[in-house]
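Working notes, beginning with the structure itself.
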Amino acid sequence: EAAVTQSPRNKVAVTGGKVTLSCNQTNNHNNMYWYRQDTGHGLRLIHYSYGAGSTEKGDIPDGYKASRPSQENFSLILELATPSQTSVYFCASGDVGTGGVNYAEQFFGPGTRLTVL
Amino acid sequence: QQKVQQSPESLIVPEGGMASLNCTSSDRNVDYFWWYRQHSGKSPKMLMSIFSNGEKEEGRFTVHLNKASLHTSLHIRDSQPSDSALYLCAARSNYQLIWGSGTKLIIKP
Numbered sequence: 001e002a003a004v005t006q007s008p009r010n011k012v013a014v015t016g017g018k019v020t021l022s023c024n025q026t027n028n029h030n031n032m033y034w035y036r037q038d039t040g041h042g043l044r045l046i047h048y049s050y051g052a053g054s055t056e057k058g059d060i061p062d063g064y065k066a067s068r069p070s071q072e073n074f075s076l077i078l079e080l081a082t083p084s085q086t087s088v089y090f091c092a093s094g095d096v097g098t099g100g101v102n103y104a105e106q107f108f109g110p111g112t113r114l115t116v117l
Numbered sequence: 118q119q120k121v122q123q124s125p126e127s128l129i130v131p132e133g134g135m136a137s138l139n140c141t142s143s144d145r146n147v148d149y150f151w152w153y154r155q156h157s158g159k160s161p162k163m164l165m166s167i168f169s170n171g172e173k174e175e176g177r178f179t180v181h182l183n184k185a186s187l188h189t190s191l192h193i194r195d196s197q198p199s200d201s202a203l204y205l206c207a208a209r210s211n212y213q214l215i216w217g218s219g220t221k222l223i224i225k226p
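From first to last, the protein sequence lines stand for chains A and B. 1 is the number of the first residue of the first sequence in our numbering; add one for each residue after it. 118 is the number of the first residue of the second sequence in our numbering; add one for each residue after it.
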């Protein structure tokens with residue numbers, strides 16, 4: 001089965017500090033995604049990547065940077081963390097492809113709970 | 118306005134009953150829909166997908182799709198307490214997934 005791991009699983013940060021969330025996938029998917037989910041709500045796309053070296057802005061990129069150094073790894077960076085960035089962050093991999101509908105499912109990591117004080 | 122809207126926001130169904138969840142998109146570029154289920158404290162996992170007009174059944178779960186109105190619905194019969202979860206609808210538009218806010222389903226024993 002597809003495997004996506006995230007680290008850390010829980011993080012407490014101070015306002016103004018730098019936070020890096022890491023994601024690793026062993027699915028050999030081209031696409032990777034970072035979402036945040038606030039209590040009781042759906043998923044909001046922050047950044048995504050089509051492959052190593054590429055990063056694209058999602059719907060809510062302000063205050064976040066992303067880095068995709070390899071096929072397997074995708075990081076989300078908060079240079080100056082703020083309390084409004086307190087949330088659960090999910091990484092996912094998948095290929096919502098241009099061809100057959102099989103390239104559809106996104107596989108999610110377990111999530112990182114970030115608290116910014 | 119959100120491009121994928123789900124209703125109701127929350128739903129309470131007695132154990133053994135039928136749960137019906139709805140999802141509609143206002144994006145005319147949408148071509149496919151998925152339903153994901155997210156148990157409390159866990160990550161979303163794909164439950165069912167539907168790409169053609171009509172109905173698809175998998176066990177207690179049935180999905181309907183009307184492509185003309187860009188509306189899909191998920192029906193769960195003989196609901197079990199383990200079905201209590203957040204149900205997320207996702208739609209593909211221009212090769213990207215867009216997500217609804219979800220329906221929180223509670224099955225009461």
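Backbone N, C-alpha and C define an ideal beta-carbon position, used for all residues, glycine too.
query	result
Note down, in chain order, all residues in the region 193–211 of chain B with a beta-carbon under 7 Å from any beta-carbon belonging to chain A.	205, 209
What in chain B is Cβ-close to residue 42 of chain A, meaning under 7 Å?	205, 216, 217, 218, 219
Using a Cβ-Cβ cut-off of 8 Å, state whether residue 160 of chain B counts as contacting chain A.	yes
Sorted by chain position, which residues of the same chain lie with C-beta nearer than 8 Å to residue 162 of chain B's C-beta, five sequence neighbours on each side aside?	153, 154, 155
Three or more beta-carbon pairs under 8 Å between the region 7–27 of chain A and the region 181–192 of chain B, yes or no?	no
If you follow the beta strand (DSSP E) that residue 142 of chain B is in, where does it begin and where does it stop?	136–142
Check whether the Cβ atoms of residue 66 of chain A and residue 77 of chain A sit closer than 8 Å, and answer yes or no.	yes
Given a cut-off of 8 Å on the beta-carbon distance, is the pair residue 94 of chain A and residue 6 of chain A in contact?	no
Would you say the region 168–176 of chain B touches the region 119–131 of chain B, given that touching needs at least three Cβ pairs under 8 Å?	no
Say whether chain A places a C-beta atom closer than 8 Å to the C-beta of residue 165 of chain B.	no
Among residues of its own chain, excluding the 5 on either side of residue 125 of chain B, which ones have a beta-carbon nearer than 7 Å to its beta-carbon?	220
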